[in-house]
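**Q**
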Amino acid sequence: MDTMQAKSTLPSKLVWSLVAIIGAISFGMLALSRGEHVNAVWLVLAAACVYSIAYRFYSLFIATKVFELNPRRLTPAHRL
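Numbering (UniProt numbering), first residue to last: 1 to 80.
1) For Ile-62 and His-37, what's the separation of their Cα atoms in angstroms?
2) Pick helix, strand or coil for Arg-73, following the three-state DSSP scheme.
3) Which same chain residues, not among the five before or five after Ile-53, have their C-beta less than 8 angstroms away from its C-beta?
4) Helix, strand or coil for Ser-52? Go by DSSP, reduced to three states.
5) Quick check: Leu-14 and Ser-26, are their CB atoms within less than 8 angstroms of each other?
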């Protein structure tokens, strides 16, 4: 089993689902507030949700597919 893959447990899936739902609601509030003053909290919540989801999932993709990181491979500091 590859140790770089994240373990998907039920609490982890629930937390990330909650983050996605909060982000969707925040974007909905931004998109549907036509002609009204938009509270900055919705913008901050939407940005935080997008950044956290991108950091969690896109960084794992970059680490495994692009850089092909291998946890069994020693770094130069450990080889010396």
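Every residue, glycine too, gets a C-beta built ideally from N, C-alpha and C.
**A** So, from the listed chains and residues:
1) Taking the sequence shown and counting its residues from 1, one reaches residue 62 at position 62. Taking the sequence shown and counting its residues from 1, one reaches residue 37 at position 37. Taking the CA atoms as reference points, Ile-62 sits about 38 angstroms from His-37.
2) Counted from its first residue, the sequence shown places residue 73 at position 73. Of the three classes helix, strand and coil, the one that applies to Arg-73 here is coil, per DSSP.
3) For the purposes of this step, residue 53 is taken as the residue at position 53 of the sequence shown. In chain order, Trp-16, Val-19, Ala-20, Gly-23 place their CB closer than 8 angstroms to the CB of Ile-53, counting only its own chain and leaving out the 5 sequence neighbours on each side.
4) Start at 1 with the first residue of the sequence shown, and residue 52 comes out as number 52. Ser-52: helix per DSSP, three-state reduction.
5) Working through the sequence shown from its first residue, we reach residue 14 at position 14. Working through the sequence shown from its first residue, we reach residue 26 at position 26. Cβ atoms of Leu-14 and Ser-26: not closer than 8 angstroms.
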